Amino acid sequence: MNDKPILYVDFDGTLVDTNAAITDLYNEDFKFYKNYYPVKAEDIDTYDFEECTCANKDYINTYFNLPRFFEKLQFMPWAETVMYKLSKLYNIKVVSHGYSPNLKQKEIWLKKKLPYTEFVGVNLKEHQDKSHIDMKNGIFIDDNIKNLITSNADIKICFGRTCSWNKDWNGIRAENWYEVLNLKTLQETRYE
Numbered sequence: 132m133n134d135k136p137i138l139y140v141d142f143d144g145t146l147v148d149t150n151a152a153i154t155d156l157y158n159e160d161f162k163f164y165k166n167y168y169p170v171k172a173e174d175i176d177t178y179d180f181e182e183c184t185c186a187n188k189d190y191i192n193t194y195f196n197l198p199r200f201f202e203k204l205q206f207m208p209w210a211e212t213v214m215y216k217l218s219k220l221y222n223i224k225v226v227s228h229g230y231s232p233n234l235k236q237k238e239i240w241l242k243k244k245l246p247y248t249e250f251v252g253v254n255l256k257e258h259q260d261k262s263h264i265d266m267k268n269g270i271f272i273d274d275n276i277k278n279l280i281t282s283n284a285d286i287k288i289c290f291g292r293t294c295s296w297n298k299d300w301n302g303i304r305a306e307n308w309y310e311v312l313n314l315k316t317l318q319e320t321r322y323e
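The opening residue of the sequence shown carries number 132 in the working numbering; numbering runs sequentially from there.
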């Protein structure tokens, strides 16, 4: 590893539009059920997708382990371009929670899409947050404030729109990847 600073980036809800993939799967699977109504990605405001009323939490969680999920998965707007630009200035580690089938598929997806990144999988059976990953002297971007609060990263950036799992964040916030690219803290860190 060279001496570039390290940028730690969350996968779900930060790098990729997980809500869109999950709601697409849900809408496909439940469109003929009684009491069904279509759910869009921007409708999601609960971490457990409670807006998808025809499915329970366990059912929704199975989606994360399915190849169908990864077939639907798309980058957040501008993420792919910005990540490439940032890779010239930072070593990038994508740090993500999941169970074994999910983590393996994320690693494969990232090798195809962002081969210049390193994947760090965090198994949910062992860790409820990402605090065991030593991010000292690094920058951490995540949409979940629980992960940001427990991290030892020097700079922490809450990503995305305000929702139930990050509404109480009082630190640096970037609503999209264009804002990430233009953050003053990232520009200052690059040139130190």
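For every residue, glycine included, the Cβ atom is placed at its ideal position computed from N, Cα and C.
Just so it is clear, the structure is predicted and the values come from calculations on it, not from any experiment.
K261 is positioned such that its CB atom lies closer than 9 Å to that of D273.
Residue state for N301 is assigned as coil, using DSSP reduced to three classes.
Secondary structure note for I191: its alpha helix (DSSP H) is the uninterrupted segment 188 to 194. Bridge partners of Y139 according to DSSP: K224, F271.
Taking every protein chain shown into account, the CB of S282 has 16 or more other CB atoms within 10 angstroms, so this residue is buried.
Closest by C-alpha distance to N158, out of C185, P208, E173, is C185.
In this structure, DSSP gives K287 an extended state, which the three-state scheme calls strand. Secondary structure note for N313: it is in no alpha helix (DSSP H), with a DSSP letter that is neither H nor E. Contact between I270 and I280 is absent: CB atoms are separated by about 16 Å, not below the 8 Å threshold. Scanning its chain for C-beta atoms nearer than 6 Å, with the 5 sequence neighbours on each side dropped, one finds around Y194 the residues I153, L156, F200, in chain order. Secondary structure of N158 (DSSP, three-state): helix.
In terms of Cβ geometry, K135 and Y221 form a close pair [threshold 9 Å].
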